[in-house]
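Novice: Line by line, the protein sequences are chains A and B.
Residue numbering for the first sequence is 4 to 203, as defined by the numbering used here.
Residue numbering for the second sequence is 4 to 203, as defined by the numbering used here.
Every residue, glycine too, gets a C-beta built ideally from N, C-alpha and C.
Before I ask anything, here is the structure I am working with.
Number of protein chains: 2
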Amino acid sequence: MGKTRHMSYEPILQNVARHIALDDAETDLFTSLLQPERRAKKELILHEGQVCKNIHYVHSGTLRAYYVDREGKESTIMFAIADWWITDMYCFINRLPAMLFIEAVEDSVIVRLNKEDLDRLYAEVPKFERFFRIIMQNAYIREQLRVIQNLSQPAKQRYEHFLEKYPQIAGKVTQKLIASYLGITPEFLSNIRGRKGKIS
Amino acid sequence: MGKTRHMSYEPILQNVARHIALDDAETDLFTSLLQPERRAKKELILHEGQVCKNIHYVHSGTLRAYYVDREGKESTIMFAIADWWITDMYCFINRLPAMLFIEAVEDSVIVRLNKEDLDRLYAEVPKFERFFRIIMQNAYIREQLRVIQNLSQPAKQRYEHFLEKYPQIAGKVTQKLIASYLGITPEFLSNIRGRKGKIS
DNA sequence: CGTCTATTTGAATGTACTCAAAAGCGGTGG
DNA sequence: CCACCGCTTTTGAGTACATTCAAATAGACG
Numbered sequence: 004m005g006k007t008r009h010m011s012y013e014p015i016l017q018n019v020a021r022h023i024a025l026d027d028a029e030t031d032l033f034t035s036l037l038q039p040e041r042r043a044k045k046e047l048i049l050h051e052g053q054v055c056k057n058i059h060y061v062h063s064g065t066l067r068a069y070y071v072d073r074e075g076k077e078s079t080i081m082f083a084i085a086d087w088w089i090t091d092m093y094c095f096i097n098r099l100p101a102m103l104f105i106e107a108v109e110d111s112v113i114v115r116l117n118k119e120d121l122d123r124l125y126a127e128v129p130k131f132e133r134f135f136r137i138i139m140q141n142a143y144i145r146e147q148l149r150v151i152q153n154l155s156q157p158a159k160q161r162y163e164h165f166l167e168k169y170p171q172i173a174g175k176v177t178q179k180l181i182a183s184y185l186g187i188t189p190e191f192l193s194n195i196r197g198r199k200g201k202i203s
Numbered sequence: 004m005g006k007t008r009h010m011s012y013e014p015i016l017q018n019v020a021r022h023i024a025l026d027d028a029e030t031d032l033f034t035s036l037l038q039p040e041r042r043a044k045k046e047l048i049l050h051e052g053q054v055c056k057n058i059h060y061v062h063s064g065t066l067r068a069y070y071v072d073r074e075g076k077e078s079t080i081m082f083a084i085a086d087w088w089i090t091d092m093y094c095f096i097n098r099l100p101a102m103l104f105i106e107a108v109e110d111s112v113i114v115r116l117n118k119e120d121l122d123r124l125y126a127e128v129p130k131f132e133r134f135f136r137i138i139m140q141n142a143y144i145r146e147q148l149r150v151i152q153n154l155s156q157p158a159k160q161r162y163e164h165f166l167e168k169y170p171q172i173a174g175k176v177t178q179k180l181i182a183s184y185l186g187i188t189p190e191f192l193s194n195i196r197g198r199k200g201k202i203s
């Protein structure tokens, strides 16, 4: 899939407006740097090893970022649904080959912003430093809460916490993917779910 | 322990200077908002339940942030050595009662900056948005790499990775604390270390 | 020197994984 | 519209990784 013609920048502008106020010229500059794209289910947005040049805003659909270790085991690092930002941040910032894959879990429309353009944006509209400061801050907090969960809770509680915290994601992805996000096998997740309401 | 008179702001200014350039007036404003403090080994910098008003720069020494679950089990969320920033970010940003404890692992000198002053700094010297954008970005990346480790590696590899990545921390904290950072029991960490060079 | 805590060691247990096979479900082509 | 194919989910047996509890040993600090 490729370019999209019929989509609105309203959602991404709303997303930005939640943290900073742009005038018309700034809005025009910002939108001129954006590249909307359609991605079909299972299509890769980023492949491990390929230099990660873009950060993506999810306009609609669902993406996931995952890591594949030497034995081929996949670990889902994050999901991103509508109105989220996603990239392989480490490699994006340092202009390095990606360590993650990012794929569309369902048909999605994303908005691409590349590193050069983002740096230009920081230079020309310093308010965006604030915007991404807040985005990074929230991302950091999310990951820290996840680390707390992972360290302090057993698998069953982590699963229930995930369902509570991300019901929309839970509704759109398979159990296999949830298992790989929780750091357990699909078999074991099934086991956990099985003994949900059972005695003992 | 309390106020410190004989310490230099050089390290923290160097830390800031790595990302943004301040003129004399900006430097004066910034340093006027800082509160240096000494903390003895085992002293708490933040207690769970207490509103988290400050972010801390570590001038010297070592701190750790940890979570205590209902059963009383401690999980170390992060260590901070000289030149690192630390706080309970979720509660700091949202002005909420802390979910974490932060304590001095050894005698330390820290520099406190409170939320009101930080907000004032953002307003008066917008460059600090950039500075903390980078700090948050690095913190996010660190946590994400940690999540990848936790999901994809067994305990032994996580331990070896920790020793490689943070040799200075490893040298200053007990095995018990490293175990609680890795999410395993001290007994099991001892076990892992025991069979280091052994046959099978 | 004595006390307190960290570390080690070991046995018994539990949590989660592997492997294998069956059952369920969704999409696709005839 | 049905039948088939591929993938996900379930189930179960056997195993491995990690925990708990207990006790002995070693280190750190006043």
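#1: Give me the subset of the region 141 to 167 of chain B whose CB atoms are less than 9 Å from a CB atom of chain A, sorted by chain position.
#2: In the structure shown, what three-state DSSP assignment does A/A28 receive?
#3: Indicate the three-state DSSP secondary structure (helix, strand or coil) for A/L148 in the structure shown.
#4: Taking the C-alpha atoms as reference points, what is the distance between A/I15 and B/L121?
#5: Please classify A/T177 as buried or exposed, where buried requires at least 16 neighbouring CB atoms within 10 angstroms.
#6: Apart from the five residues just before and just after B/E77, which ones in its own chain have a Cβ nearer than 6 Å to its Cβ?
#7: Here's the rule I'm using: 16 or more other beta-carbon atoms within 10 Å means buried, otherwise exposed. How should A/D91 be labelled?
#8: Cβ atoms of B/I137 and B/H22: under 8 Å apart, would you say?
#9: With a threshold of 8 Å between beta-carbons, can B/M139 be considered close to chain A, or not?
#10: At 3 residues or longer, and completely inside the region 94 to 181 of chain B: list those beta strand (DSSP E) runs for me, N to C.
#11: What residues from chain A crowd round B/D72, counting only those whose CB sits closer than 7 Å?
#12: On the premise that B/I84 lies in contact with B/V61, defined as a C-beta separation below 8 Å, what is that separation, rounded to the nearest angstrom?
#13: Which bits of chain A does B/F135 rub up against, with CB to CB less than 7 Å?
#14: Under DSSP, the beta strand (DSSP E) around B/Q17 begins and ends at which residues?
#15: Name the residue from A/F165, A/K159, A/G186 whose alpha carbon lies nearest to the alpha carbon of A/G197.
#16: In the DSSP assignment, the alpha helix (DSSP H) including A/L36 goes from what residue to what residue?
#17: From B/I187 to A/E40, what distance separates their C-alpha atoms?
#18: Taking the alpha carbon of A/E163 as the reference point, which residue from A/K179, A/E146, A/N141, A/L192 has its own alpha carbon closest?
#19: If you pair each beta-carbon of the region 140 to 147 of chain A with each one of the region 138 to 149 of chain B, do three or more pairs fall below 8 Å?
#20: Excluding the five sequence neighbours on either side, which residues of its own chain have a C-beta within less than 7 Å of the C-beta of B/Q171, listed in chain order?
#21: Below 8 Å on C-beta distance, what does B/K76 contact in chain A?
#22: Do A/K44 and A/A107 have their C-beta atoms within less than 8 Å of each other?
#23: Taking the alpha helix (DSSP H) that A/E190 belongs to, which residues open and close that run?
#24: Taking the beta strand (DSSP E) that A/H62 belongs to, which residues open and close that run?
#25: What does A/G219 touch in chain B if you count any residue whose Cβ is under 8 Å from its own?
#26: With 16 other CB atoms within 10 Å as the buried threshold, where does B/G75 fall?
#27: Once the 5 residues before and after B/V128 are set aside, which same chain residues still bring their CB inside 8 Å of it?
#28: Can you list the residues of chain B that A/M92 reaches, using a CB-CB cut of under 8 Å?
#29: How close, in whole Å, do the beta carbons of B/S35 and B/V112 come, if the pair is a contact with beta carbons under 8 Å?
#30: Taking only the alpha-carbon atoms, compute the straight-line gap between A/P189 and B/P189 and give it to the nearest angstrom.
#31: What separation, rounded to the nearest whole angstrom, lies between the Cα atoms of A/K201 and B/I96?
#32: State buried or exposed for B/A126, treating a residue as buried only when at least 16 other CB atoms are found within 10 Å of its CB.
#33: Taking only beta-carbon positions, decide if B/I80 is within less than 8 Å of chain A.
#34: Give the residues from the region 121 to 135 of chain B that approach chain A closer than 7 Å (Cβ to any Cβ), ordered along the chain.
#35: Rounded to whole angstroms, what is the Cα-Cα separation between A/V54 and A/R98?
#36: Give me the Cβ distance between A/F165 and A/I181, rounded to the nearest whole Å; I'm assuming they're in contact under 8 Å.
Specialist: From the atom records:
#1: N141, A142, Y143, I144, R145, E146, Q147, L148, R149, V150, I151, N153, L154, S155, Q156
#2: helix
#3: helix
#4: If I take the Cα positions, the gap works out to 28 Å.
#5: Exposed.
#6: Y69, V71, S183
#7: buried
#8: yes
#9: Yes, because at least one Cβ of chain A sits closer than 8 Å to the Cβ of B/M139.
#10: 103 to 107, 111 to 117
#11: S155
#12: 6 Å
#13: R136
#14: Per DSSP, B/Q17 belongs to no beta strand (DSSP E); it is in the alpha helix (DSSP H), 13 to 20.
#15: The shortest C-alpha separation from A/G197 is found at A/K159.
#16: Note, A/L36: premise wrong, no alpha helix (DSSP H); not H, not E.
#17: 44 Å
#18: A/L192
#19: yes
#20: I84
#21: S155
#22: Their beta carbons are under 8 Å apart, which means A/K44 touches A/A107 by this criterion.
#23: 189 to 197
#24: 57 to 63
#25: The structure shown does not extend to residue 219 of chain A, since chain A spans only 4 to 203, so no value can be given for it.
#26: exposed
#27: L25, E29, L32, F33
#28: Q140, Y143, I144, Q147
#29: With 8 Å as the limit, B/S35 and B/V112 do not qualify as a contact, their Cβ atoms being about 18 Å apart.
#30: 29 Å
#31: Residue placement at A/K201 cannot be trusted, given a pLDDT of 43 that sits under 50; the coordinates are not used to answer.
#32: exposed
#33: yes
#34: P129, E132, R133, F135
#35: 6 Å
#36: 7 Å
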